[in-house]
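Participant: As given, the protein sequences belong to chains A and B, one line each in that order. Under my numbering, the very last position in the first sequence is 1973; numbers go up by exactly one each time. Under my numbering, the very last position in the second sequence is 1618; numbers go up by exactly one each time. Every residue gets a Cβ at the ideal spot worked out from N, C-alpha and C, and that includes glycine.
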Amino acid sequence: MAGLAAVFGSGAMTNSIPEIENNDVLFVIGSNTTETHPIIGLRMKKAVRKEAKLIVADPRKIDLVRHSHLWLRQKPGTDVVLLHAIMHVILEQNLIDRVFILSRTEGFETFREGLRKYTPEYAEKITGVPARDIIRAAMLYARAKRPGIYYTMGITQHSHGTDNVYSIANLALMTGNLGMESTGVNPLRGQNNVQGATDMGCIPDQYPGYQRVDLPAIREKFEKAWEVTLSDKDGITATEMTDRCLDGKIKAMYIMGENPALSDPDINHTVKALKKLDFLVVQDIFLTDTAELADVVLPAAAFAEKDGTFTNTERRVQRVRKALDPPGEAKEDSRIIMELSERLGYPMRYNSMEEVFQEVAGLWQAVAGITYGRIEKQGLQWPCPTLEHPGTPYLFKGGFPRHKAAFSMVEYKPSRELPDRQYPFMLSTGRHLFHYHTGTMIRAGDALNSVAAEAYFELNSYDAGKLGVTGGQKVKISSRRGSIKIKAKLSERVEKGRVFIPFHYREAAANILTNTALDPVSKIPELKVCAVKIEKITKRGRPRIK
Amino acid sequence: MINVTIDGIKTSVHRDTSVLDAAKQCDITIPTLCHHPKLTPYGGCRLCIVEIKGINRPVTACTTPVSEGMEVTTSSPVLEKLRRTTLELILSDHPNDCMVCEKAGDCTLQELAYFYGIKENRFAGERRVYEKRDGNPLIERDMEKCILCNKCVRVCDEVQGVSAIDIAYRGFRSKVCPPYERDLDCEFCGQCIRVCPTGALTGRMWSLKGRQKDIREVDTICPYCGCGCNITLDIRKNEIVRVTSKEDTINEGWLCSKGTFGYKFLNDPARLTKPLIKYKGKFRESTWEEALGLVAKKLLKTKEKHGPDSIAGLASARCTSEENYLFQKFMRAVIKTNNVDHCARL
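(1) Alpha carbon to alpha carbon, what distance is there between A:V1621 and A:P1445?
(2) With DSSP as the reference, label B:F1599 as helix, strand or coil.
(3) Please state whether DSSP places A:Q1633 in a helix, a strand or coil.
(4) Could you check whether B:I1274 and B:V1285 sit closer than 8 Å to each other, using their CB atoms as the reference points?
(5) Is A:A1891 helix, strand or coil by DSSP?
(6) Any heavy atom of the ligand ZN closer than 7 Å to the CB of B:E1323?
(7) If you draw a straight line from the C-alpha of B:C1501 to the C-alpha of A:S1761, how long is it?
(8) So with CB distances below 9 Å, who are the chain B contacts of A:A1757?
(9) What does the Cβ neighbour count give for B:K1570, buried or exposed, with the cut at 16 atoms within 10 Å?
(10) Going by the DSSP bridge assignment, what does B:D1438 pair with across the sheet?
(11) Nearest chain B C-beta to A:R1925 closer than 8 Å, yes or no?
(12) Quick check on DSSP: helix, strand or coil for A:A1688?
(13) Name the one or two DSSP bridge partners that B:S1284 has.
(14) Figure out for me which residue from A:G1789, A:L1529, A:Y1577 and A:K1660 has the closest Cα to the Cα of A:K1831.
(15) Classify A:Q1785 as helix, strand or coil using the three-state DSSP reduction.
(16) Identify the continuous beta strand (DSSP E) that holds A:M1868 and give its terminal residues.
(17) Which residue spans inside the stretch 1601-1672 of chain A form an unbroken beta strand (DSSP E) run of at least 3?
(18) Give a yes or no on whether 8 Å exceeds the smallest Cβ distance from B:K1608 to chain A.
(19) Apart from the five residues just before and just after A:E1781, which ones in its own chain have a Cβ nearer than 7 Å to its Cβ?
(20) Measure from the C-beta of A:I1576 to each C-beta in chain B and report whether the shortest distance is under 8 Å.
(21) Taking 8 Å as the threshold (C-beta atoms), are B:G1397 and B:S1219 in contact?
(22) With DSSP as the reference, label A:T1795 as helix, strand or coil.
(23) Spell out the partners DSSP gives A:E1844 in its beta bridges.
(24) If you count every other CB in all the chains shown that lies within 10 Å of the CB of B:S1479, and 16 or more means buried, which is it?
(25) Quick one: complete alpha helix (DSSP H) runs, 4+ long, within the stretch 1503-1570 of chain B?
(26) Any beta-carbon of chain B closer than 8 Å to the one on A:V1956?
(27) What residues match up with A:R1925 in a beta bridge as DSSP calls it?
(28) Taking Cβ-Cβ distances shorter than 7 Å, what residues in chain A pair up with B:S1529?
(29) So that I know if they touch, is there some Cβ in chain A lying closer than 8 Å to that of B:K1552?
(30) Just to check my reading of the structure: B:C1334 and B:G1315 have Cβ atoms closer than 8 Å, yes? What is that Cβ distance to the nearest angstrom?
(31) For B:W1478, would you say it is in contact with chain A, using Cβ-to-Cβ distances shorter than 8 Å as the test?
(32) List, in order along the chain, the chain B residues whose C-beta lies closer than 9 Å to that of A:G1895?
(33) Whole angstroms is fine: what's the gap from B:K1573's alpha carbon to A:L1704's?
(34) Quick one: using the 10 Å Cβ neighbour count with 16 as the cut-off for buried, is A:S1594 buried or exposed?
(35) So which residues of chain A does B:L1572 contact, with C-beta pairs closer than 7 Å?
Written out as C-alpha cells, the structure is:
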C-alpha cells in the first residue's frame, strides 16, 4: 500500500470487482487469485469467457494458468526486471500514452533513461522468461483498451516489495491505463477487513483516513475531537514491535484478534519476543498460539455475533450484522475496549456501532457521506464525501490526489537470501484454497479441513527423484532459522529447485523457516523467498544429509 | 428494440432477449426447472413451453429469441396439460420422500408438484436406483433425486471453470457424476448446491439441522478474504444451519468453499467463554471484573514506569472497522502512543 500511496497519493484498488469482467486484458502478477480470492477469480474467468486476454506472471503453475493466454514463469524475486523489460518494449514500440504522461505525471524523462538497459534478452537471463514472451506481454498490455493489473502478496512480500509496486505503477502510468472504468492497478487485499483496519488508522503513522500523525493541524483536529493531547511521534510497525520487545523497549502489548506467533516470519523469534514482555493481553475467539503466551486472555465475539462494517478490497463499506449470541461470557471487542478505556479514566460511550461510524465520518471526508441507513441493502465505495454522493467505483477519474503521479526509477535488487550450496532450495509460502491464514477459523475436525487436513509442501518430481523422496514421504526442511518435518507432495506446479509451503498448518509452520528481512519502506517481510534444504528422515529419526 | 406481445401485453425488448426473459420483464412467470439467468439456456426440462402465433407446435421459451411482432401465449389448457404431463414424467422417477428431504420447503420441483396438484402418477414404474457412496465430506449427492436439469454441470463449467462433473451414460441411465464415477474431488465451492432445483445436491453439514421452517435469515459479510462477499446466515436456535448468498449482491450469489462451509468454528467447543488469567504458568478462569482490573492496572503501571511508547497494540483485519477505530483511539488517546498496527503486511 505504501508504494501505491507514494505514487498516486492513495493506495487501494483503483477499480471495483464488477469491472473486472469488462477488462480486455488482465495482467495478474504474483496473485494466485482463484485460491486466495476465489470470487474475484470467478470474475476473471468470466472476463476470459467474454474474450479478454489473460496474462499470468507467476513462478508457480497456479490454477489460473489453465485459463491464461500467456504465462510468464519468472524466478521468484525478479519481478522488477520482468516489469522493466515489458516497459522497455512498450517504449521501444512507441506504445506509450504521451498525453497522459505530459498532463498527469512527472519524472518520465529520467525514468526512460533508466529503462534502457532492461532489454528482453537481459531480462530473460535474470527472470528465466523467454524474451519473446516478454514482448508478447508488452504488446498485449499496451495495445489493450481496458487493461487491468492485479497483484497480491507475490509482489509485496519481498525485501524489495515496494520497488515491485513502483514498477507496476510505472507500467500503468506510461500507458495511461488509469482513471477509467475497468482500467487500473488493483492490489487485492487478503483479509476480510484489512482495508477497514487500515482506513481506521490502525497504522503507526496515520490517524483514521490516512491523516498523518506528524502534521500539527491534523493532530489538533483529532485532539479536539477526542478531547485529549496526542503523541506527535510516529509509532512502530508490527514487524518492528517484535525487535523492540526483544531489546526491551516494548514492555507490554495488547493484541486483538491477531496470531503473530504463527503468521509472522521466523516465528521462533516472535515467540521469544512475546515471552520477553512484562505483560501481554490477548483478545481472541480461541486460545491461539499467541494467546497461550498471554498473561490475560479476553474472550471475544466472532463476526456473526456483532454489528458493524467491513470494508472489502474494492473500498466498499458493507454492513456486518449480529446473527448469534456470543458463547458464554464472551463480549464484542468494542465493548471490551470501551470497558477497559473507562477503567483507565477515559470513558468512551457509544450506544451503538452506528455512533462510532458517525464519529469516523465526521473525521474523514472520504466516508462522510456513508451512513448505516445508506448501506442497509448494498455497500458504498469510498470516496463518498456527501450524503448524495453515489460512491466511487473507480479512482483517479479527474486526476490524482497528489496532483501529478511520479515515475520512480528503481533498480533490481536480488532477494536477501538466495539458495546456495548449503541451502539449495528456494522456498515460497502462501495460501491454500481450503484454508485461511493461521487456521484459527478452519479447524481440526471441521469438514472443510478434512479435504486438506495434512500439512504438505510442493516439490518438483525431478528434485524428488534426485533426493530419493517419494510422494507422501515425510522429510525435514530447514533454513538458517529453524526446521520443520512435513510431507512431500510431488507437483509440477513448482519448478525445479523451488518448494512451496502453505503457511496454515501449526504442526509444520512454514514461518519457522521464513526470513524476517523487511522492505525498508513498507516493512513487509520477505515471505516469498528464502533458502532451505531438504533432508530425508532415516529410521532412527536422524536426518541424512544429501 | 423488438416489439412483442406476451399474453396480450405489448412490450419492446432488446434484440437477443429470450421469450422467457421478455415474459419476466412483463412480470409473467413461466415455470422452469433447468433455467438459470446466469447460465447458458439449456431447454432440457420442457416446462417453459409457450405457444407462438404462426408456429404450430409449442416451443421452449428459454431457448427461443424474440422476433419482431411475435405473439406469445404462456398459458393455455393445452400448454398446462403438457406441463402437467412433463412434471408427472419427471416425478415418476423421483423418490417420494419429501417428508425427510433436506430441500423440502425450498424445492422447485416440490412447489411445481404442489401447484399442479400431482397426487397420483400415471407413469409410476421403474426407477433409477443408485447406491450413495460418495466419499467427499462436504457435498451430499443423492442422484436418485436428480432430474438432469444440467444446472450443476453448467455452473461448474461456465462459472467456476472447473468442470468436475458431467452427464455420463445415455437415456434412462443418464447420470451426473465426476469422471469414471469416482468420488467428487473439486474446489467444493458449493455452486452446484446453490443452483440445484431439487434435493439431489445438499450440504452434508446441513443435514438434520433444520429446513425452511423456523429459519431466520441474517444478511452479513463473509469473514474470510477481501472479496467482501455478501452472505446470508440461515439461523435456527442460535446456530447456523447453512450459509447462502443472494443473487443481487456484488458476488452475484456465488461463494467459495470457505464462504459456504467455513462457519463451523463459531460453535466450536474450544471457543473462549471466560476471561483467563495466567497464574504460575497456568491459565485459570476469572471474572471480567478481575481480568479487566488487572489489565488496566498493568497497562497503567507500565505507562508510568516506562512511558507510553513502551506499550504497543495490534489491531485486527478480522474485526470490524468500528472496533479497529476504537482500538486505535484507545492506544492513541488513552495510552498516548502511536504504536498501533495490524497484520496488513502478512
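Facilitator: Considering the structure as presented:
(1) Here the alpha carbons of A:V1621 and A:P1445 stand approximately 20 Å from one another.
(2) Helix, per DSSP.
(3) The answer is strand: DSSP assigns A:Q1633 an E or B state.
(4) In contact: B:V1285 and B:I1274 (Cβ atoms closer than 8 Å).
(5) For A:A1891, the three-state secondary structure derived from DSSP is helix.
(6) Summarising the ligand content, the structure contains no ligands, and the ligand ZN is consequently not present.
(7) Roughly 23 Å separates the two Cα atoms.
(8) Residues of chain B passing the Cβ test: R1543, L1544, T1545 and K1546.
(9) Buried is the call here.
(10) Looking at the DSSP output, B:D1438 shares a beta bridge with B:C1449.
(11) Chain B contact via Cβ: absent.
(12) In the displayed model, A:A1688 falls within a helix according to three-state DSSP.
(13) Under DSSP, B:S1284 shares a beta bridge with B:N1275.
(14) Comparing Cα-Cα distances from A:K1831 to each of A:G1789, A:L1529, A:Y1577 and A:K1660, the minimum goes to A:L1529.
(15) Assigned with DSSP and collapsed to three states, A:Q1785 falls in helix.
(16) A:M1868 -> no beta strand (DSSP E), and no H or E assigned at all.
(17) Within the stretch 1601-1672 of chain A, the complete beta strand (DSSP E) runs of at least 3 residues are 1611-1614.
(18) Taking CB atoms only, B:K1608 has a neighbour in chain A less than 8 Å away.
(19) Excluding its 5 nearest sequence neighbours in each direction, A:E1781 has C-beta neighbours in its own chain below 7 Å: Y1799, listed in chain order.
(20) No, its Cβ sits nowhere closer than 8 Å to a Cβ of chain B.
(21) The requested residue 1219 of chain B does not occur in the structure, where chain B is confined to residues 1273 to 1618.
(22) It should be noted that the sequence gives Ala, not Thr, for residue 1795 of chain A. Looking at A:A1795 - three-state DSSP - the assignment turns out to be coil, as it is neither helix nor strand.
(23) As far as DSSP is concerned, A:E1844 takes part in no beta bridge.
(24) Within 10 angstroms of the beta-carbon of B:S1479 lie fewer than 16 other beta-carbons, which makes it exposed.
(25) Within the stretch 1503-1570 of chain B, the complete alpha helix (DSSP H) runs of at least 4 residues are 1529-1533.
(26) False, the Cβ-Cβ gap to chain B never drops below 8 Å.
(27) Per DSSP, A:M1853.
(28) The contact set of B:S1529 on chain A, defined by CB atoms closer than 7 Å, consists of L1860, F1861 and L1875 in chain order.
(29) Judged by the 8 Å Cβ criterion, B:K1552 is not in contact with chain A.
(30) Right, the Cβ-Cβ distance comes to about 6 Å (below 8 Å), so this counts as a contact.
(31) B:W1478 does not count as touching chain A.
(32) Here the premise fails: no neighbours, minimum Cβ distance about 28 Å.
(33) Between B:K1573 and A:L1704, the C-alpha separation is close to 14 Å.
(34) Buried, because 16 or more other Cβ atoms sit within 10 Å of the Cβ of A:S1594.
(35) Under the 7 Å cutoff, chain A gives L1771.
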